[in-house]
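Written below as structure tokens is the structure these notes are about.
Numbering (this note's numbering), first residue to last: 317 to 510.
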């Protein structure tokens, strides 16, 4: 079913709310900013997650191979679960898993466990299209209020970036060298099955 002009005007999340397939992808993923550290990014892309299929309620969901890309001034690594995202070209014609917020939260926690195996990154986050929250300049200029009051749960910052941004909220240790506001999970929305 082709999206209507009205759906195209309102964007992908509105398309989902209207019960249509969005024209552009909406991805539930782990995205990691490695700055200019190509070696650390390559090492992370080669990490062999055990298991390759993650749990989400009664579902076993495999991971796509990690994707590396140069995004502006930094190297970005993305890891997507198979058939969880909306309109993701990597999924081809696979039927999409209809996951509840609780199931997505379970999946998200396991993606953070995978992130804990990485080193050398600047920032990272799991969620629906989290890329916009990983650029240090954008965090400083566009998201300072949310950084200061702790609304960006799940955002992981290296200690250097955390010190540079100097948010007022209390950030916990994610692992040595990294701080975060712990991931609180997903909420029911037009992107979830509940």
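From the three backbone atoms N, C-alpha and C, an ideal C-beta is built for every residue, glycine too.
All figures in this text were calculated on a predicted structure; none of them were measured in a lab.
Asked: Beta-carbon proximity of residue 399 to residue 384, cut-off 8 Å; Found: no
Asked: For residue 378, the residue or residues it bridges with in DSSP; Found: 369
Asked: Exposure label - residue 321; buried when at least 16 CB within 10 Å; Found: Low confidence applies here, because residue 321 scores a pLDDT of 35, under 50, leaving its location unreliable; read the following figure in that light. Label assigned to residue 321: exposed.
Asked: First and last residue of the uninterrupted alpha helix (DSSP H) at residue 460; Found: 460-465
Asked: As assigned by DSSP and simplified to three states, the class of residue 488; Found: strand
Asked: C-beta atoms of residue 372 and residue 423 nearer than 8 Å; Found: yes
Asked: Of the residues 470, 429, 348, 509, the one placed nearest residue 387, counting alpha carbons only; Found: 348
Asked: Sequence-distant residues of the same chain with beta carbon closer than 7 Å to residue 456, five excluded per side; Found: 481
Asked: Reduced DSSP category for residue 345 - H, G, I as helix; E, B as strand; rest coil; Found: strand
Asked: Candidates 497, 355, 366, 506: closest to residue 427 by CA position; Found: 366
Asked: Assigned exposure category for residue 450 - 16 Cβ within 10 Å defines buried; Found: buried
Asked: Reduced DSSP category for residue 449 - H, G, I as helix; E, B as strand; rest coil; Found: helix
Asked: Sheet register partners of residue 391 (DSSP bridge); Found: 386
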